[in-house]
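The structure under discussion appears below in the form of structure tokens.
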Amino acid sequence: MSFEINGTPFSERPRAGQCLRTFLRELGHFGVKKGCDAGDCGACTVLLDGEPVHSCLIPAFRAEGRAITTIEGLAPEGGAHPMQQAFLDAQAFQCGFCTAGMILTCASLNQAQRTDLGASLKGNICRCTGYRAIEDALNGTTNVEETVEPGTAFGRSLPAPAGPDVVRGRARYTFDTTIEGLLHIKLKRSPHPHARIVAIDKAAALAVPGVHAVLTHEDAPDRLFSTARHERDWMDPDDTRVLDDVVRFIGQKVAAVVAETEAAAEEGCRRLKVDYDILPAVVDPERARAPGAPIIHPDRTQEQRVANARQNIVAEKHGEFGNVAAALASSAVTYEGTFTTQRVQHAALETHGGLAWLDATGVLNVRSSTQVPFLTRRTLADLFDLPKDKVRVFCERVGGGFGSKQEMFVEDILALAALKTGRPVKLELTREEQFIATSTRHPMRVHVKAGADADGKLTALQLDVLSNTGAYGNHAGPVLFHAAQECLSVYNCPNKKVDAVAVYTNTVPSGAFRGYGLPQTLIAVEAAIDELAKQLGISSFDIRRRNVVKPGDPMLTPPPSEYHDVEYGSYGLDQCLDLVERAMQADAPMPDLSPDWLTGEGIALTMIDTVPPAGHIADAAIALRDDGSFELTVGTAEFGNGTSTVHRQIAASALSTTVDNIRLRQSDTVHGGHDTGAYGSAGIFVAGKATQAAAETLADELKRAAADAWLCDAASCTLDGHSVVSGVKRISFAELAELARAQGKPLAASGNSGGTPRSVAFNVQGFRVAVNKGTGEIKILKSVQAADAGRVANPMQCRGQVEGGVAQSLGAALYEEMVIDADGCVINAKFRDYHLPSFADVPRTEVFFAETSDAIGPMGAKSMSESPYNPVAAALGNAIADATGIRFTSVPFKPDRLFPALQDKFGV
Amino acid sequence: MDLNTIAAVAHPQTRAQLPAWTAGDAWLAGGTWLFSEPQEHLNRLIDLTDLKWPALTISETHLSISATCTIAQLDALACPPDWLAAPLINQCCRAFLASFKIWKTATVGGNLCMSLPAGPMISLTSALDGICTIWQANGGEQKIPVVEFVTGNNRNRLTPGDLLRQIDIPLTALKRRSAFRQISLTPVGRSAALLIGSLGDDGTFTLTVTASTVRPIQLLLPKSPDAATLGKLIAQEIADDLYHDDVHGKPFWRKHMTLRLAEEIRSELCDTARP
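Taken in sequence, the protein lines are chains A and B.
Quick note: the first sequence uses this note's numbering, first residue 318, plus one each step.
Quick note: the second sequence uses this note's numbering, first residue 7, plus one each step.
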């Protein structure tokens, strides 16, 4: 069969049931991405005879004799199609995994379709941006700044260094490489929520042509660990094996089949005979901790950091200061309510997966889609008894994370398979596997009690939290503790009480997810604050102003924290409240709505520690190169967070040069040093500080080297673009490099950050909504968020983080919900049944920044990647309550959920 | 996605060349659903492309839509001005959860044969009194109205080896005045209720309820009803257990949206003066 791909004829025969997507990738067109492999996300869009199609749905044989254009062929070699240039100018991407499909789709829209983007783009999902930047690209808006003066990069909207590769489909993600002799792994998964594996008959599977190995619990290290990755292993329980002889949720991996092709590996999985002894299961968290419930991890102990295995309690926290009950009894107003949050998925468009191989020196190389290469390396070395220098873990560009890749879900199997077979191996999860077998946000049931005096001063705050960690305890404790932390400590209140418990159930595990517990509890706390204000007749802004902490106030939650390193490095909460209040009051045209639509406004605020507790470490190194440019090496990963841009800005500013003079290497353990990882919003606040320290040290070294050459005082030297200058004397960086080389003293420096002390960042979200009392539909009429990010390192990117956080959080507030049936099975494990926000679903959010400069963060900056998510559902709930007079206490706020109460009240 | 168990693809050019149906076979029209989910039970695809059925044929009395007509081809049909119901075509295309990119590949017949409650081509062709022609596995031919073809969620009258050949729409149906209403849990999402009403020259009022119910339900009234009459009829004819229950909408809400949209349609068609 002959095909024309990007103008070049090919003669290839695709497999009978092969889709065009994999056919194109096998021919090396890696710009064609897999987001869902089911036609829902659009990441695999290509042009077929000039028309956009989802290549995952097109039988490859049907492309015979037709012209196929992938992103790589949209413009002549080296050039850029106007739409590619528009995406660059607007920086209409974050992780960039959807970008190829988005550009090909946008480039093919006619004028009518461009005036109806909600419908035209409903087949393209972007999980990062919130779509505003994509709309800017379509409108020809330029968001990136031109080159700026040397030394002034920090604080400017400079473009992401990977941009040109991202828009051309050349940026390399996890699977965008060809490896000779690669074997494929497929996983046999449990159909039972709780069972003991009695026997696995491998014979029929091993007989499938092309199958090399079948790995079971008998092959796996007899050692417990946690898939959660933290700097301190003691943060998570040791309750997981690479492959276990007990399965605790539907979808848990039972065995791995390693074969020449994915088809053979799949066939091997089908032919495996697994004999299960089915055990009683429990999927409801209340039932899980009740007497008589099946015990999910009966043998785990407190030494393994499982708080009370006999009651399925993996972690808990209880404490009180003051006397909440007495305070509530004597308060002028009180509120009490129970709120529930659902299971939501990160839905990063690049699924989990990776490649592993043993190189000629016997080093196990693992290339994976991870936020934490260094912590993964450490655990692989531990699990497989390898010296750390015999394991290398790295990632190239990662297609979205949102916390889901602060886990080790695939690298353990990859390592096991590579070590057992001695061959390079690949494991790429399907979208369905993402849903049934990775991690989700912890669903929580939050009971809140709150009281205030007649002046609107809080008298009591109490939270009772039940968190469902699923079958394993990865992140169970830290998420639970964080959930009951800053949402309370942001308010001054003399009486506070917390009872928080995380329980095991026989369901897909929960894990780390942007916001890390706070979005769940904020819905309850911020609703309570509003309800008190309503009873007192004061505004939702004023009650917060009267009660929020201000610099000097202790930030307290019970029981007392063992960490005392959180400081007010800066404080912009007051500004954030003012900014949102002003924006909400600004005149705005009211859309023409029928009387069925009820309107209302609501706000919510959030505080977040800028670094997770107990240590978050980053090393950075920077060296002067022969050509006078610099090579900066950091450990932190890029998955759309934009840190690659900011690290160069920090280094360029410290070295008084421009960003094009900084070459960045990142996220590879072979580079040396350590980096805890890109989680907890630490990519700038921690790793950026290490970069700043390294670059500032090197700047001093450069001055000293020049001063030595000139026999003058280093204090008289300054850096100027590409040279060191003292009076009329000038020596270029390249000349300095040559001098240093001659002297055998290369100019290089390193920096380190230990992630302490920590500061606090703030966000306030405001919404104006309309709710249709006859249908339950919600329209967002206005969305405003103010963020205190300290000195904003890159306003364009930071705005994008805020918008993307709002969009992702709106998905969880309005639409997204993983539905688990009574047996613990996820019944909607595909995007068409799990609705991610598309272009039509996301309002434009006005973003404002407080003007602060942080005393702790790098160059005054604070973290701003998780917290924009946190107040969104809470603010939306408050706005809906204001519009309808009904307090809805369960997310998502879907029309069919709101309708019964609306019908009761309004009788339509 | 790759369908790795598929070993062969047949490409018949005539009905006579259709291979004998065996377990593990599947008809391949657009393939947009087939390739969107694992199909481990299948080993052969029978590609309908080379049968080269004309997508759309207009006769004196009927519009014939072949089963392999794509959504995009149907949407692009230039309709004569006296087809007052023609806007329904685009309205129903837009009711797809899938975008215009899928419309180029997905087929009208495929949508009917999937028989999902939210299948908008089911809504369209049942509201327009469409008749399915089925090539039966035994060599015979069968004609069934679309409203009877779909029997439940993901269920229809086809038996293994049966092939949907075409849907014939009487032109009289296309010339009726019509009204369209749809609601979803999300702004451009999957239909949770999709109702189409029409008014015949003789004053008959037809209401076709789809998406909210597990199968299409058509209500006929000899003359324009008032609100109470229509509401009562819906309550009578659509038992609570006919309302579909899945992640795209709870039955209680679907029922009330059905009543609400039906009344909007009635009001639009019956309470306004004829143009």
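Every residue, glycine too, gets a C-beta built ideally from N, C-alpha and C.
Exercise for the section: Measuring alpha carbon to alpha carbon, tell me which of A/Gly1107, A/Asn1145, A/Ala1200 ends up nearest phenylalanine 1166 of chain A. Expected result: A/Gly1107
Problem - Which residues DSSP lists as bridging glutamate 918 of chain A, in chain order - result: A/Arg1085
Exercise for the section: Give me the Cα-Cα distance between alanine 580 of chain A and threonine 11 of chain B, rounded to the nearest whole angstrom. Expected result: 7 Å
Problem - Simplified DSSP state of aspartate 562 of chain A, which is helix, strand or coil - result: coil
Exercise for the section: Go ahead and label tryptophan 551 of chain A buried or exposed: buried means 16 or more other beta carbons lie within 10 angstroms of its beta carbon, across all protein chains shown. Expected result: exposed
Handout entry: Pairwise C-alpha distance: isoleucine 202 of chain B and aspartate 174 of chain B
Key = 18 Å
Practice task
Check the Cβ-Cβ distances between cysteine 810 of chain A and every residue of chain B, and say whether any is below 9 Å.
Solution key: no
Problem - Touching by the beta-carbon criterion (3+ pairs, under 8 Å), the stretch 809-817 of chain A and the stretch 572-590 of chain A - result: no
Handout entry: Residue range of the alpha helix (DSSP H) that includes proline 602 of chain A
Key = 602-605
Exercise for the section: With hydrogens ignored, establish whether the beta-carbon of tyrosine 996 of chain A is closer than 8 Å to any heavy atom of the ligand FAD. Expected result: Summarising the ligand content, the structure contains no ligands, and the ligand FAD is consequently not present.
Exercise for the section: Find the residues of chain A that neighbour asparagine 10 of chain B, judging by a C-beta separation of less than 7 Å, and give them in chain order. Expected result: Gly334, Glu579, Ala580, Glu583
Problem - isoleucine 240 of chain B versus alanine 355 of chain A: straight-line alpha-carbon distance, rounded - result: 37 Å
Exercise for the section: Can you grab the Cα-Cα spacing for the pair phenylalanine 1156 of chain A / leucine 1098 of chain A, in whole Å? Expected result: 16 Å
Handout entry: Nearest-angstrom Cα separation, counted from alanine 1200 of chain A out to proline 228 of chain B
Key = 42 Å
Exercise for the section: Reducing DSSP to helix, strand and coil, say where lysine 1046 of chain A ends up. Expected result: strand
Exercise for the section: Let me know the secondary structure DSSP gives glutamate 724 of chain A once reduced to three states. Expected result: strand
Handout entry: Residues, ordered as in the chain, of the stretch 192-205 of chain B that lie near chain A by beta-carbon distance below 8 Å
Key = Thr192, Pro193, Val194, Gly195, Arg196, Ala198
Exercise for the section: Would you identify the three-state DSSP class for tryptophan 27 of chain B, choosing helix, strand or coil? Expected result: coil
Exercise for the section: Count the other CB atoms, across all protein chains shown, that sit within 10 Å of the CB of proline 1212 of chain A; report buried if there are 16 or more and exposed otherwise. Expected result: buried
Problem - Among A/Val1119, A/Ser973, A/His1152, A/Gln1114, the one whose alpha carbon lies nearest that of serine 474 of chain A - result: A/Gln1114
Handout entry: Residue range of the unbroken beta strand (DSSP E) whose run includes serine 543 of chain A
Key = That residue, serine 543 of chain A, is in no beta strand (DSSP E); it is neither H nor E in DSSP.
Exercise for the section: Could you check what DSSP says for proline 611 of chain A in three-state terms: helix, strand or coil? Expected result: coil
Exercise for the section: Determine the contact status of aspartate 556 of chain A and glutamine 659 of chain A, defining contact as a CB-CB distance below 9 Å. Expected result: no
Handout entry: Within chain B, partners of glutamate 368 of chain A - CB distance below 7 Å
Key = Lys110
Practice task
Sort out for me which residues DSSP pairs leucine 778 of chain A with in a bridge.
Solution key: A/Ala767, A/Lys813
Practice task
State buried or exposed for proline 597 of chain A, treating a residue as buried only when at least 16 other CB atoms are found within 10 Å of its CB.
Solution key: exposed
Exercise for the section: Kindly confirm or deny that the stretch 669-688 of chain A and the stretch 717-724 of chain A touch, where touching means at least three C-beta pairs closer than 8 Å. Expected result: yes
Problem - Where tryptophan 141 of chain B falls: helix, strand or coil (DSSP) - result: strand
Problem - Beta-bridge partners of tryptophan 270 of chain A, as assigned by DSSP - result: Outside the modelled stretch of chain A, which goes from 318 to 1225, sits residue 270 of chain A, for which no answer is possible.
Practice task
Please check if any C-beta of chain B sits within less than 9 Å of the C-beta of asparagine 441 of chain A.
Solution key: yes
Practice task
State buried or exposed for arginine 342 of chain A, treating a residue as buried only when at least 16 other CB atoms are found within 10 Å of its CB.
Solution key: buried
Handout entry: 7 Å Cβ shell around glutamate 1233 of chain A - same chain, five flanking residues per side excluded
Key = There is simply no residue 1233 of chain A to check, as chain A begins at 318 and stops at 1225 in what is shown.
Problem - DSSP-derived helix/strand/coil call for proline 281 of chain B - result: Summary for proline 281 of chain B: the model assigns pLDDT 44, below 50, so the residue's position carries little reliability; its value from the coordinates is reported in the next sentence. In the structure shown, proline 281 of chain B sits in coil (DSSP, three-state: anything other than H, G, I, E or B).
Problem - Positions along the stretch 1064-1090 of chain A whose CB lies within less than 7 Å of some CB in chain B - result: none
Practice task
Return the residue from the list A/Ala530, A/Ser856, A/Lys737, A/Asn785 that minimises the CA-CA distance to phenylalanine 701 of chain A.
Solution key: A/Lys737
Exercise for the section: Give the secondary structure of isoleucine 1001 of chain A by DSSP, where H, G and I count as helix, E and B as strand, and everything else as coil. Expected result: helix
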